[in-house]
Amino acid sequence: MKGLLEEMTEKALARNIPLSVQVDLTYRCNERCVHCYLDHDDHGEMTTSEIKHLLDEMADAGVFILTLSGGEIFLRKDFFELLEYARRELQFCVKLKTNAILIREREAARIRDLGVESIQISIYSHRPEVHDAITLIPGSLKRSLDAIRFLKAQGLRVVIANVLMVQNMADYRGVRALADELGVECTLDPTITPMMDGDRGVLSLGIGQEERRQVYRDTALVGDVEEFCAVSTSANEDALENLPCSAGHTSCYVSPYGDVFPCVQFPLPTGNVRTRRFIDIWRNSDEMNDVRSIRLKDLTTCTSCTHVASCSRCPGLAFMEGNMRGPSSQDCENSFARTGVPSANMLAKAKLGQKAFGQATSRAAANLVQIRALPNMAGASA
Amino acid sequence: MARNPRVAARSLDGEMMIMSGRDSTLFTLNKTATILWQSADGTTPLDEIVEHRIVPEFEVGKAEALQDAEALARDLASHEILQISEEPIPQQSVSSGDAAGDAR
Chain A
-17 MKGLLEEMTE KALARNIPLS VQVDLTYRCN ERCVHCYLDH DDHGEMTTSE
33 IKHLLDEMAD AGVFILTLSG GEIFLRKDFF ELLEYARREL QFCVKLKTNA
83 ILIREREAAR IRDLGVESIQ ISIYSHRPEV HDAITLIPGS LKRSLDAIRF
133 LKAQGLRVVI ANVLMVQNMA DYRGVRALAD ELGVECTLDP TITPMMDGDR
183 GVLSLGIGQE ERRQVYRDTA LVGDVEEFCA VSTSANEDAL ENLPCSAGHT
233 SCYVSPYGDV FPCVQFPLPT GNVRTRRFID IWRNSDEMND VRSIRLKDLT
283 TCTSCTHVAS CSRCPGLAFM EGNMRGPSSQ DCENSFARTG VPSANMLAKA
333 KLGQKAFGQA TSRAAANLVQ IRALPNMAGA SA
Chain B
107 MARNPRVAAR SLDGEMMIMS GRDSTLFTLN KTATILWQSA DGTTPLDEIV
157 EHRIVPEFEV GKAEALQDAE ALARDLASHE ILQISEEPIP QQSVSSGDAA
207 GDAR
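Protein chains in written order, with the numbering used here: chain A, -17 to 364; chain B, 107 to 210.
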């Protein structure tokens, strides 16, 4: 039986409504996480009034779920003004993503008063020496955990986001135990995103095949391992008509400089809200419509892959490898680790004598990454 | 009767989506509930809303419509979507979720 949100998403899809949008309020941050893909300098963030105007346009367009993220959102002095506007005036369902180190009792109470739906907080380890070595800020784990307690005391929904990498691979069980102790949810994500400037060096922090295999066979995470790791049956014609993901279909992302992208992990610029209305970009941008036209049957290499029906292929990561209709090596690695069966992409690369995994991806392709402000953007220079 | 400021709301092509501030449960409102939601400004009494908005829309008798509306309002209040009081309820700048028009 379909959930109501799924029904509303289908309705939004049929009517071309962007149901869910992430807005990064700033790329500035008070942590320096070793795996972070952002340039933390301010190259001309939208002003308070520009963001309020954007929120007005998004409400007009039918956006319901608004995720405010960064950078660190609490570094914006106008954060609570924007949050209050989003909640009280426009009644968005607001989710926050933060490291939470600036959240104390007072901020937690205000977040509660403003009716925020959930707060996602990055926790890398239950051990300070590991977490703080990733954020490069001594004492950051303690501050983030204190904040979680303040938020929980207000009855708020908190989700711990645990990005898995080489440094903290051994600690995910500890993080889950900590989440249980705190009474909060916990998500685990082995995806490392290339840097905004296209540098893929950061991908070397990603966990390897053996570690992925271990994660996918942890019953505490996946339940029935045999079922989870089974090779899916091949996709039928109907399945090949499926959409790869919600990016550009019912969701999109807006950077602090007003650039609109299909997703935070899909750095294809489609327009800038400083020079063009949000709904116009959403409906009429050539790039957005190009993303929207992709079906599983159109994918190069992947259409014939054993894993096509079950793969978590991210079109944004594929774009960063050079082709939004091509494979995403990190997802190939995931499918291989899960099932033991190499993807069509891995077989093709092996045939070409290339290394089959993500570290073989080229720097030339990486140069396609184009998160930046578009031309004619007032006041956007650094 | 007033809208609960802790819920999230948006009109999706005429259909009102409401997310509970209590437990993130998602609701969609039928036409009558949407009228109640939109009219719940904290000052207009329910019988006025019924007389001016519901009776003309559905061509029903006022007594019957009021009885149904009271039951519906109580149901919405039980989900913390609406607040009900005998006294006017001050509103904290809460729009009806479709002030800027439906998304189409």
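Every residue, glycine too, gets a C-beta built ideally from N, C-alpha and C. The model shown is predicted, which means the values in this text are computed figures rather than measured ones.
Between the region 231 to 245 of chain A and the region 194 to 211 of chain A, the count of Cβ pairs shorter than 8 Å is below three; the stretches do not touch. Using a CB distance below 8 Å, the part of the region 122 to 139 of chain B facing chain A consists of M123, M125, G127, S130, L132, F133 and T134, ordered along the chain. Residues of the same chain with a CB within less than 6 Å of the CB of A/L118, apart from the 5 flanking positions on each side, are R14 in chain order. Against chain B, the beta carbon of A/E99 has neighbours under 9 Å at A114, M125, G127 and S130, listed in chain order. Identification of residues in the region -5 to 12 of chain A having a C-beta nearer than 7 Å to some C-beta of chain B yields R(-3) and I(-1), given in sequence order. CA-CA distance, A/A91 to A/A68, rounds to 17 Å. Boundaries of the alpha helix (DSSP H) harbouring A/R125: S122 to A135, taken from the DSSP string. Around the beta carbon of A/D153, a 10 Å sphere encloses 16 or more other beta carbons of the protein chains shown; the residue is thus reported as buried. Under the three-pair Cβ rule at 8 Å, the region 308 to 318 of chain A does not count as touching the region 251 to 261 of chain A. In the structure shown, the three-state DSSP call for A/Y9 is coil. Exclusion of the five residues before and after A/E39 leaves V255, R259, F260 and I261 as the residues of its chain whose Cβ lies within less than 8 Å of its Cβ. Those residues of the region 126 to 144 of chain A placed with their C-beta closer than 7 Å to a C-beta in chain B are R139, ordered along the chain. Residue environment for B/N110: buried (at least 16 other C-beta atoms within 10 angstroms of its C-beta).
For A/Q102, the enclosing beta strand (DSSP E) begins and ends at S100 to S104. Secondary structure in the region 51 to 115 of chain A: the beta strand (DSSP E) runs of 3 residues or longer, each lying completely within the stretch, are 75 to 80 and 100 to 104 in chain order.
Excluding its 5 nearest sequence neighbours in each direction, A/E269 has C-beta neighbours in its own chain below 6 Å: L250 and T252, listed in chain order.
Assigned with DSSP and collapsed to three states, B/G167 falls in coil, not helix or strand. Using a Cβ-Cβ cut-off of 7 Å, A/K79 is close to nothing in chain B; its nearest Cβ partner there is about 16 Å away.
Residues of chain B with a Cβ closer than 9 Å to the Cβ of A/K(-7) are, in chain order, L118, D119 and E121.
Spatial neighbours of A/A330 in its own chain (CB-CB distance under 8 Å, excluding positions within 5 residues in sequence) are listed in chain order as T283. The distance from the Cβ of A/A82 to that of A/A129 is about 4 Å, consistent with a contact at the 8 Å cut-off. Setting aside the 5 residues that flank it on each side, B/A179 is surrounded in the same chain by M107, L142, L152, L188 and I190, each with a C-beta closer than 7 Å to its C-beta; the list follows chain order. DSSP, read as helix, strand or coil, puts A/A143 in strand.
C-alpha of A/Q136 to C-alpha of A/E99: approximately 12 Å in a straight line. Note that the region 161 to 172 of chain A does not touch the region 110 to 124 of chain A; fewer than 3 beta-carbon pairs, one per stretch, sit closer than 8 Å. Pairwise C-beta distances place the region 24 to 37 of chain A in contact with the region 0 to 10 of chain A, as three or more of them are shorter than 8 Å.
Assignment of alpha helix (DSSP H) within the region 239 to 311 of chain A, counting only whole runs of 4 or more residues, yields 260 to 266, 268 to 274 and 297 to 302 in chain order.
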